[in-house]
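Here is the structure we will look at.
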Ligand SMILES: Cc1ncc(COP(=O)(O)O)c(C=O)c1O
């Protein structure tokens, strides 16, 4: 049933007018939402052409978020890996420091773009889903700044394990709804946000936190997050006088990865790795959240993509040490890049991520979020095998403050 | 062969009344109980029957139908099992139209072409696929058409004049008007809203129009069947079933009787409406 994928002459032209990347993406929503999705699409197309919209977004990125985020040469990680590498090997490792953004992750880049869009559309309320709470915090932050009421849907399981972010959202004036349905994690939060949206279509904008959902969300969130890759291109040119050779990013829904990759997709010399959450191991049935390497195509949350599902097409719960990665789907553009082979999708287990988390703290003095710790785990595997002149950029897309309680518990420490 | 759906609406038009379309979720709370409810529905006054196919992530459903789906899945519901229920039902009733309602992913997983063929062979008459708008219907609609199954489309209060022809052109059998902007089992539309909405659709189609979402009481069903061609009642019946279950969520000797008694009450009201 898959349409055969023909290799495009550019990887950057998607999606088509139907919101499709190859056979992935689209708009699989109930009729009640269809007119609204089309309205968001029209409004975004107009905003994209409006220089004033871009100027306002850029102003916020510079003066409120603190962009551009630095590109840091991780010298101690590089030296550490070279010590284990064969002579002449051990790539130069750079971190894209999006954890330094206001609110501590990349999520704010796309949130500010979407909130400006919601205001243009005359929407009066904002809703969002969140897993780890980073997207919820970013949305609550932007809503405080723009004086918009904000409701964040969060699985009850995640509410319990991410208490600091729940309290942050409340301080910022947002209402947090604990979702009890299903396994009460990110997928259920997204279901509930979509249900709420259906009932409040007139005045409400749904601010989606990743490159998933119905068209135009995957393309729109990617466009906003592409600021990451665009900065990397300029910064690497300044630092090394050339393009990077390898890009590595963690994949939950895939927004920080799409943001880093997209500006480089048509550079054949740049290899890209998307690192999914391997959890307890990809060979376990529901012990991981690796939709691309451990799932198969299907339809959920408005788009056709790779999903964790059983043989009857019922959706499975993912597992990851990281609450931001345990989503059973993945953005449709990643599904397409996976089938084309343009991006290599791999995974890192809970244990590998936990080790990388600690290593990063000790060697670089940076406590990463558990999500980019998965990306770092893959860097630790490949950097020693690559020639010493190879330039790797890893998206350090979030800081680890939110995770210290989880990590302390796993390490047997009382905090 | 004229379809059961067309034949049934023609007969109802001759009688001068609208249809009662009760809903049950397959395997809720177990296969035998849901089979008994299905078997009892025509005698209780069901004119058409809608069967929900359980899905883990029912985007358009409120807590009542979500819980029914969870119970069904726990009892082992699959698409194959649901089709087997319809095949068994056809052994006793070859006239009452059966419509399956569900979400796209289990159908894609089963194989859209095989599902359409197997559903038609089992005696299914139409499909409602909530998350398959006309824009995305190519995956299933040609196979449904080839198998002789109707694709019944939802029209919402948000469906504007520009979209209406697109959605109606992609419909067959009947048109399902979603009475509220919202999910199932939450609130009900005001009578005036329905009285304004149905003629707006009627102007664009000759297909029968039925109203669902928020039709709970006999009076609401009678009104819906009067202003349109039929009333779909789902959450109110599932609520009754859910309340009849024991503390472990198992059916009690009362479960089937109570649901069918409510179908009979609704049917009486619908039949008295004209
Ligand atoms: C720091 C961080 N990185 C990554 C993710 C995963 O999302 P995505 O794959 O869309 O970047 C999250 C989600 O909560 C996050 O907080």
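Protein chains in written order, with our numbering: chain U, 178 to 592; chain D, -19 to 254. Heads up, the beta-carbon is just placed ideally off N, CA and C, and yes, glycines get one too. All values derive from a computational prediction rather than experimental measurement.
The beta strand (DSSP E) that contains residue 271/U, what's its start and end? Boundaries of the beta strand (DSSP E) around residue 271/U: 269 to 273.
7 Å Cβ shell around residue 540/U - same chain, five flanking residues per side excluded: Only residues of its own chain outside the window of five on either side were considered, and among them 253, 254, 257 have a CB closer than 7 Å to the CB of residue 540/U, listed in chain order.
When burial is assigned at 16 or more other CB atoms within 10 Å of the CB, is residue 403/U buried or exposed? Of the residues assessed, residue 403/U falls on the buried side of the cut-off, its CB having 16 or more other CB atoms within 10 angstroms.
Specify the secondary structure class of residue 441/U as computed by DSSP and reduced to three states. In this structure, residue 441/U counts as helix in the three-state DSSP scheme.
Tell me the DSSP secondary structure of residue 5/D in three-state form. The three-state secondary structure of residue 5/D, taken from DSSP, is strand.
Measure the C-alpha to C-alpha separation of residue 252/D and residue 202/D and round it to an integer number of angstroms. Going by the C-alpha atoms only, they are around 8 Å apart.
Along chain U, in chain order, which residues have C-beta atoms closer than 9 Å to that of residue 147/D? Neighbourhood of residue 147/D in chain U, by CB distance below 9 Å: 208, 211, in chain order.
For the beta strand (DSSP E) holding residue 176/D, just list the boundary residues, first then last. Where residue 176/D is concerned, there is no enclosing beta strand (DSSP E), although the alpha helix (DSSP H) it sits in stretches over 171 to 182.
Return yes when at least one heavy atom of ligand 1 lies under 7 Å from the C-beta of residue 510/U, else no. Not under cutoff, so the answer is no.
If you count every other CB in all the chains shown that lies within 10 Å of the CB of residue 351/U, and 16 or more means buried, which is it? Here residue 351/U is buried: its Cβ has 16 or more other Cβ atoms, across all protein chains shown, within 10 Å.
Could you tell me whether the Cβ of residue 302/U comes closer than 8 Å to any Cβ of chain D? Not one chain D Cβ lies under 8 Å of residue 302/U.
Closest Cα partner of residue 204/U within the set 497/U, 550/U, 507/U, 476/U: Nearest option by C-alpha distance: 476/U.
State yes or no: is the C-beta of residue 309/U nearer than 7 Å to some heavy atom of ligand 3? Judged by which ligands are present, ligand 3 is missing from the structure shown, whose ligands are ligand 1.
Interface residues of chain U around residue 129/D at Cβ under 7 Å? None at all; the shortest Cβ gap to chain U is about 18 Å.
Name the chain D residues that come within less than 7 Å of residue 530/U, Cβ to Cβ? Within chain D, no residue has its beta carbon less than 7 Å from that of residue 530/U; the closest one is some 27 Å off.
How about residue 216/U and residue 136/D: are their beta carbons less than 8 Å apart? No, the pair does not count as a contact, with Cβ atoms beyond the cut-off.
What are the boundary residues of the beta strand (DSSP E) that residue 241/U is part of? Careful: residue 241/U lies outside any beta strand (DSSP E) and carries neither H nor E.
Looking at the C-beta of residue 173/D, does it have a partner C-beta in chain U at a distance below 8 Å? No - not a single Cβ of chain U is within 8 Å of the one on residue 173/D.
Would residue 212/D pass as a contact of residue 192/D if the rule is Cβ separation under 8 Å? Between residue 212/D and residue 192/D, the C-beta spacing is below 8 Å.
Could you spell out where the alpha helix (DSSP H) holding residue 318/U opens and where it closes? It spans 311 to 322 - the alpha helix (DSSP H) in which residue 318/U sits, taken as one unbroken run.
Measuring CB to CB, does residue 99/D end up less than 8 Å from residue 84/D? If you check the CB distance, residue 99/D and residue 84/D do not come in under 8 Å.
Give me, in chain order, the residues of the same chain whose beta-carbon lies closer than 8 Å to that of residue 248/D; leave out the 5 immediate sequence neighbours on both sides. For residue 248/D, where only same-chain residues beyond five positions count, the Cβ hits under 8 Å are 25, 198.
Where do the N-terminal and C-terminal ends of the alpha helix (DSSP H) with residue 413/U fall, by residue? Per DSSP, residue 413/U belongs to the alpha helix (DSSP H) from 404 to 417.
Is it the case that the CB of residue 574/U approaches a heavy atom of ligand 1 more closely than 7 Å? Yes, Cβ of residue 574/U sits closer than 7 Å to a heavy atom of ligand 1.
Quick check on the DSSP output: the beta strand (DSSP E) that includes residue 474/U runs from which residue to which? In this chain, the beta strand (DSSP E) harbouring residue 474/U covers 473 to 477.
Check whether the segment 88 to 97 of chain D touches the segment 42 to 56 of chain D, counting contact only when three or more Cβ pairs, one atom from each stretch, lie closer than 8 Å. The segment 88 to 97 of chain D, when compared against the segment 42 to 56 of chain D, does not touch it at the 8 Å Cβ threshold.
Within the same chain, show all residues whose beta-carbon is closer than 6 Å to that of residue 245/U, passing over the 5 residues directly before and after it, in chain order. Answer for residue 245/U: 408, listed in chain order.
Jot down the residue ranges of each uninterrupted beta strand (DSSP E) in the segment 33 to 71 of chain D, minimum 3 residues, whole runs only, in chain order. DSSP runs (the beta strand (DSSP E)) wholly in the segment 33 to 71 of chain D: none.
Using three-state DSSP, classify residue 179/U as helix, strand or coil. Model confidence at residue 179/U stands at a pLDDT of 49, short of 50, so the residue's coordinates are unreliable and nothing is read from them.
Quick one: grab the DSSP three-state call for residue 112/D. Here residue 112/D sits in coil by DSSP.
Could you check which residue in 57/D, 204/D, 188/D, 238/D has the C-alpha nearest to that of residue 220/D? When only C-alpha atoms are compared, the closest one is 238/D.
With distances taken from CA atoms, which of 435/U, 566/U, 264/U is nearest residue 418/U? Of the candidates 435/U, 566/U, 264/U, the one whose C-alpha sits nearest the C-alpha of residue 418/U is 566/U.
Can you tell me where the alpha helix (DSSP H) with residue 83/D in it begins and where it stops? According to the DSSP assignment, residue 83/D belongs to no alpha helix (DSSP H), since it is labelled neither H nor E.
Using alpha carbons as the reference points, say which of 410/U, 391/U, 380/U lies closest to residue 422/U. Among 410/U, 391/U, 380/U, the Cα nearest to that of residue 422/U belongs to 410/U.
Beta carbon proximity, residue 251/D to chain U, threshold 8 Å: Not one chain U Cβ lies under 8 Å of residue 251/D.
Chain U within 8 Å of residue 35/D, Cβ atoms only: Closer than 8 Å: yes.
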